[in-house]
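Note sheet for the following structure.
In this note's numbering, the protein residues as written are -13 to 395.
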């Protein structure tokens, strides 16, 4: 019998804000265990909240008899490694309180809600087949949604930061400019405009069908948009898309995946427009005679799923404001939730909050609009450039700036 144990231990402190007032300060400590037993060509899995010894985990994994999944692939290569980060973010909680007070005093016409949290986590992967790994470090993140009093909306926008090495007040001051122009709504006619997906969570949304093509299972079965296109030039040469697995400076602490495969280097998926690589976990690497890429992800209570670690566009040569300074209208989205892509790579999304720039200068807020593009157009003929920075000031990540169709709602 072979087995492995994924253990996730976390201590956290979280400030919760409701109605522009701190409503709670919560401390928590959690331990989560994911156990897999390999026997007779099958894998059996169980999970626990809290500590548990090996005997208990083995017993729990046998409760359901033969309900295991077939395993016809090799284990991760034997390796022992440990990485840790000594950062301490506790002072950020006080910075957040000060920033919130500034917002309360200077922008009393808005209501703010959100959280600020710090945590210290340790993730271990231990097995009896030669893999023993440990990653330890601290994380920090904060975010606030805001609502204009009397607007009638659940929220009118938000700002956040996760792991960017700047002080909180810098982020809040940057967000203040959006609050300053909130009441200035710029009329936009239907047409094509330069679009920047300004939110970190939304920036990859138009390219879902591309990232789906990176999954080895979908690519090889022929169901992905770019199946059979590996090695071909698909996009503008300014497009380089990278999957980052490990970066202590950016709070990406875990250098191994849920199967114990180690990857600390970046994996280039699109290199100057050329489709270069696929994501493989152990199962599909074995099936297709490839090397695992460390993209077999799982939580303590889930099975393995192929996924990216952290995809980002390699920064270009010009700052985003330099790129858009010659356009009389440029739209930077803040919230674009509810969008979707079809099998042809076409993408459309409503935009709940966005801002309008004129020759690189912020002039007001956009009305409710809908965006439409496709992955092929946005990264080819409609591409304007890839910036050297993000709207939030992060100079490690680029943003593709492309012309997109805009419709008033």
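No residue lacks a Cβ here, since even glycine has one placed at the ideal position from N, Cα and C. Every value quoted in this text rests on a predicted model; they were computed, and no experiment measured them.
Check	Outcome
Should residue 253 go down as buried or exposed, given a rule of 16 or more other Cβ atoms within 10 Å for buried?	buried
Leaving aside the five residues before and after residue 69 along the sequence, list all residues of the same chain whose C-beta is less than 7 Å from its C-beta, in chain order.	121, 241
May I ask you to list the residues that DSSP assigns as paired with residue 385?	None, per the DSSP bridge assignment.
Report buried or exposed for residue 58, applying the criterion of at least 16 other Cβ atoms within 10 angstroms of its Cβ.	exposed
Taking buried to mean at least 16 other C-beta atoms within 10 Å of its own C-beta, is residue -10 buried or exposed?	buried
Would you report the Cα separation of residue 232 and residue 246, rounded to the nearest angstrom?	14 Å
To the nearest angstrom, how far is the alpha carbon of residue 223 from that of residue 61?	38 Å
Using the beta-carbon count (16 or more within 10 Å), is residue 137 buried or exposed?	exposed
Let me make sure I understand the geometry here. Which of 236, 63, 80, 132 has the alpha-carbon closest to that of residue 155?	80
With a CB to CB cut of under 7 Å and the five nearest residues on each side skipped, what residues in its chain are close to residue 206?	274
Return the CA-CA distance between residue 56 and residue 28, expressed in angstroms with no decimal places.	4 Å
Kindly list the residues whose CB is nearer than 6 Å to the CB of residue 116, restricted to its own chain and excluding five residues on each side of it in sequence; keep chain order.	64
Within the continuous alpha helix (DSSP H) that includes residue 223, where are the two ends?	It is not in any alpha helix (DSSP H) - residue 223 carries neither H nor E in the DSSP assignment.
Using only the alpha-carbon positions, how far apart do residue 378 and residue 160 sit?	8 Å
Quick one: what does DSSP say residue 154 is sitting in, helix, strand or coil?	helix
Give me the Cα-Cα distance between residue 21 and residue 280, rounded to the nearest whole angstrom.	19 Å
Measuring straight from C-alpha to C-alpha, what distance separates residue 46 and residue 32?	6 Å
Can the beta-carbon of residue 394 be found less than 7 Å from the beta-carbon of residue 355?	yes
Tell me which same chain residues have a C-beta within less than 6 Å of the C-beta of residue 133, skipping the five on either side of it?	97, 141, 142
Apart from the five residues on each side of it in sequence, which residues of its chain come closer than 6 Å, Cβ to Cβ, to residue 11?	1
I need the DSSP call for residue 203, collapsed to helix, strand or coil.	helix
Confirm, please, whether the CB-CB distance from residue 44 to residue 18 is below 7 Å.	no
Of all the options 174, 109, 75, 84, which has the alpha carbon lying nearest to the alpha carbon of residue 16?	109
Could you tell me the distance, in whole angstroms, from the CA atom of residue 341 to the CA atom of residue 135?	19 Å
Excluding the five sequence neighbours on either side, which residues of its own chain have a C-beta within less than 7 Å of the C-beta of residue 227, listed in chain order?	255, 256, 297, 299
Bridge partners for residue 248 per DSSP, in chain order?	242
My understanding is that residue 382 touches residue 236, with C-beta atoms under 8 Å, so please give their C-beta distance in whole angstroms.	7 Å
What are the start and end residues of the beta strand (DSSP E) that includes residue 434?	A query on residue 434 cannot be resolved here, the shown segment of the chain reaching from -13 to 395 and no further.
So, for residue 261: in the same chain, excluding its five sequence neighbours on each side, which residues have a beta-carbon less than 7 Å away from its beta-carbon?	212, 215, 216, 217, 218, 220
Suppose the cutoff is 6 Å on Cβ atoms and the five residues either side in sequence are ignored; what does the same chain contact list for residue 6 look like?	90, 97, 98
What does a CB cutoff of less than 6 Å around residue 179 pick up in its chain, not counting 5 residues either side in sequence?	315, 317, 392
For residue 195 and residue 210, I'd like the C-alpha separation in whole angstroms.	7 Å
What's the call for residue 264, buried or exposed, on a 16-neighbour Cβ count within 10 Å?	buried
For residue 76, which of helix, strand or coil comes out of DSSP?	coil
Helix, strand or coil: how does DSSP classify residue 232 here?	coil
Is it right to say residue 464 is buried, meaning 16 or more other beta carbons lie within 10 angstroms of its own, or is it exposed?	Nothing about residue 464 can be read from this structure; the chain reaches only from -13 to 395.
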